[in-house]
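Every position in the sequence shown, counted from 1, becomes a number in the working numbering once 1296 is added. Beta carbons: idealized from backbone N, C-alpha and C, even for Gly. Bear in mind the structure is a predicted one, so any value in this text is a computation, not a measurement. The block underneath contains the structure these notes are about, expressed in structure tokens.
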Amino acid sequence: MIYEEKKIVNPAAGAIVMAIGIFLYGAWQQFFTNGAVVSVFYLLLTLIIYLLLIRQSLQKGFWKPFLSNPVNSFVIGSWVAGLSVSAQVILENLERLQLLAVIVTVLNTGLWLFFLFLCLYNFKKLWHRPTSHHSHGGILLSTVSTQSLVIVWSKLFPEIPEVLIESVIIIGILFYLNSSALLIIRYRKTAWSITEDWTNTNCILHGALSITGLATVTAGVFPSSFVTFIWWCATVILFLVEGMELVRAYQRVRKLGWNQGVFTYHVSQWSRNFTFGMFYAFTMVMLESPAYTSVYSGFQQWFLYMWGWVVAVTLIYEMILWIYSFYESSFEITSS
1297 MIYEEKKIVN PAAGAIVMAI GIFLYGAWQQ FFTNGAVVSV FYLLLTLIIY
1347 LLLIRQSLQK GFWKPFLSNP VNSFVIGSWV AGLSVSAQVI LENLERLQLL
1397 AVIVTVLNTG LWLFFLFLCL YNFKKLWHRP TSHHSHGGIL LSTVSTQSLV
1447 IVWSKLFPEI PEVLIESVII IGILFYLNSS ALLIIRYRKT AWSITEDWTN
1497 TNCILHGALS ITGLATVTAG VFPSSFVTFI WWCATVILFL VEGMELVRAY
1547 QRVRKLGWNQ GVFTYHVSQW SRNFTFGMFY AFTMVMLESP AYTSVYSGFQ
1597 QWFLYMWGWV VAVTLIYEMI LWIYSFYESS FEITSS
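Structure follows, in structure tokens:
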């Protein structure tokens, strides 16, 4: 029996936890004043997903794809980021469960250290043959996972030396530059089409910058000019990448029709919801921090309100696709 036949849950399911969690942390506040009840349901969903991931990771053959293809291992970054976001949701909406957030973060730090080793090992393999492994935006989860931990460390463990926090943020930035270089090489030196080879995870190009900015503001390190620079870089790349996505969607509809072109569910689509929500969270926290308020705050305030609706609508759309896909799968199993 091959691994695909034993699949319990997609290894990238951590992206679901990331996407819903960052919405509860950020854009939720634009529409509702209290998030405690929905956060409890979110934590139950998180528990189910991670129990399934743990169960699946213990299966024989599960780790083979991670060892044979260096790109696949970066999905573990979604597990780290998902746990970090869930801890942040606890701190934001369920303060009485702070001890749970501490336990999750300590365990998650251990997982990140393991992932850090995998990143270094597999980046070396990717650079050995940079055009052979079809790198995609998933490798930027190296940055996302790293900065996600900085955010919760800063909230839970303020006694951590500032130099350590700065060093970890810089590690995340180096991962971003390294990953971006690999993506540029992949798309410049290999033949590709926007409908087949431009992946959903490429949106992490702007999401990884947004979470870097959020980590910097939360930790209170680096000057405001640096944060403003990161914000504008994230904004420009967001519009460039999502412009590519609109072109991709148009061409997919022409080639495959509406159902197969844009109304088909894939777990990697959650990465877009996460990056949209992360850009909102970065902008929100930046505006709330007097030390990082810029001359562009008026524009940012207006844009934040408009962007909140984009985050909410796209999340609802993705959840509908997810539920319908789950229903279809259950129906097929019942019919067979």
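The alpha carbon of G1557 has as its nearest neighbour, out of A1608, G1594, I1386, L1617, the alpha carbon of L1617. For H1432, there is no enclosing alpha helix (DSSP H), as DSSP marks it with neither H nor E. Under the DSSP assignment, F1337 falls in the alpha helix (DSSP H) whose first and last residues are 1332-1353. Check the Cα spacing between Y1576 and each of I1304, A1315, I1619, N1306: the tightest is with A1315.
For the set V1609, V1385, L1343, V1371, the Cα lying nearest the Cα of A1332 is the one of V1385. For Q1325, the enclosing alpha helix (DSSP H) starts and ends at 1324-1327. With a threshold of 16 other beta carbon atoms within 10 Å, G1509 meets it and is buried. Counting C-beta pairs with one atom in each stretch, the segment 1476-1483 and the segment 1553-1571 have fewer than three that are closer than 8 Å, which means they do not touch.
If you draw a 10 Å sphere on the C-beta of I1526, you find 16 or more other C-beta atoms in it, and that means buried. Comparing alpha carbon positions, the residue from L1348, K1356, L1343, L1349 closest to S1382 is L1343. The C-alpha of Y1601 lies about 39 Å from the C-alpha of P1366.
For secondary structure counted as the beta strand (DSSP E) over 3 or more consecutive residues, the segment 1409-1495 holds no complete run. In the three-state scheme derived from DSSP, where H, G and I count as helix and E and B as strand, T1508 is classed as helix.
In this structure, I1345 sits near A1309, with a CB-CB distance shorter than 7 Å. Taking a cut-off of 8 Å on C-beta distances, the segment 1468-1476 touches the segment 1420-1439, as three or more cross pairs fall below it.
Our two residues, R1392 and F1471, have alpha carbons roughly 35 Å apart in a direct line.
Membership of W1527 in the alpha helix (DSSP H) is indicated by the continuous run 1520-1557. Relative to L1407, the option among F1578, S1380, H1424 whose CA is nearest is S1380. Fully contained in the segment 1366-1404 are the following alpha helix (DSSP H) runs of length 4 or more, in chain order: 1372-1389. In the displayed model, V1591 falls within coil according to three-state DSSP, outside both helix and strand. Under the criterion of beta carbons closer than 8 Å, F1599 and S1506 do not qualify as touching, at roughly 13 Å. A straight line joining the alpha-carbon of T1405 with that of V1313 spans about 17 Å. In terms of Cβ geometry, T1491 and R1548 form a close pair [threshold 7 Å]. When Cβ pairs closer than 8 Å are counted between the two stretches, the segment 1449-1459 is seen to touch the segment 1511-1523, the count reaching three or more. With contacts defined as CB atoms closer than 7 Å, W1566 and A1311 qualify as a contacting pair.
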